[in-house]
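Worksheet: one structure, shown below.
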Amino acid sequence: MHAVIPLYPRFTALDAVGPYTVLAFAPGWTVTFAAAQAGPVTDDRGSLTLAATASFADVPAPDVIVVPGGLGTLDVMEDEALVGWIRRAHEHTRWTTSVCSGSLLLGAAGLLAGAKATTHWAVLDFLANSGAVPVSERVVEHGKIVTAAGVSAGIDMALTLLARAADPVTAQSVQLAIEYDPQPPFTSGSLKTAPEGLAERALALIT
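This is the structure in structure tokens:
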């Protein structure tokens, strides 16, 4: 299985690296970071750079695509190099996936009309602009399209995908290999459980 993670300026690092780690540990999987041109791409904190080892032209027909989100998502909604590649690659994929606001790029590519999908809570309502049916869940499956909520949900999505593509035992083995056993010190990771007023402070960190 060949998975491609497209990068663009100001992507969120964990959106890309979380699923990368899950899938790269899976037997028989190869994961490639790609961009409009091969080379370094810097994240939305401006302090971490990943190297795209391929251009979009180099990887026209992957088995899986994982589109990360980030503060730069809205800047590339009309970037035909990226959005056009997503649209064309989708014709060949077994699964087309996204993390966080990456689902907005699936929508921009015309892939979400009538589909249930999720994204980061801050932009969930924007999904309806592309004809999607917004769902406030951690991972949402709609046919071969799998979308994840914000950032850390990408790990859950990748494990869900691996269970579908291989089998649950393989996914569980990878989960144990990376010791993914979340035990956060707070219950503020969801709007449903976060203390009153915290959403405004959280938004200030990402806008």
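Using full-length UniProt numbering, you'd call the opening residue of the sequence shown number 1 and step up by one each time. C-beta atoms are modelled at their ideal positions from N, C-alpha and C, and glycine is treated no differently. Only a predicted model underlies this, so the values are computations on that prediction, with no experimental measurement involved.
Checklist entry - Excluding sequence positions up to five away, which residues of its chain have a Cβ less than 7 angstroms from the Cβ of Ala24? => result Val31
Item to check | alpha helix (DSSP H) runs wholly inside the stretch 40–107, at least 4 long, in chain order | outcome: Here the runs fully enclosed are 80–90.
Checklist entry - Of all the options Ser152, Thr193, Ile5 and Asn129, which has the alpha carbon lying nearest to the alpha carbon of Asp58? => result Ranking Ser152, Thr193, Ile5 and Asn129 by Cα distance to Asp58 puts Ile5 first.
Next on the checklist: To the nearest angstrom, how far is the alpha carbon of Trp121 from that of Leu191?
Outcome noted: 8 angstroms
Checklist entry - Closest by CA to Ala13, which one among Trp29, Cys100, Ala89 and Ala36? => result Cys100
Checklist entry - For Pro27, which option in Ala61, Ala165, Gly154 and Gly46 has the closest C-alpha, if you only look at C-alpha atoms? => result Ala165
Item to check | Of the listed residues Leu74, Tyr20, Leu71 and Val66, nearest to Arg87 (C-alpha basis) | outcome: Closest option to Arg87, Cα to Cα, is Val66.
Checklist entry - Using the beta-carbon count (16 or more within 10 Å), is Val169 buried or exposed? => result exposed
Item to check | Beta-carbon spacing of Asp167, Arg138 below 7 angstroms | outcome: Taking 7 angstroms as the Cβ cut-off, Asp167 and Arg138 do not qualify as a contacting pair.
Checklist entry - Just how far apart, CA to CA, sit Ser130 and Ala35? => result Their Cα atoms are separated by approximately 24 angstroms.
Item to check | Enclosing alpha helix (DSSP H) for Phe186 [first to last residue] | outcome: No alpha helix (DSSP H) contains Phe186, which DSSP labels as neither H nor E.
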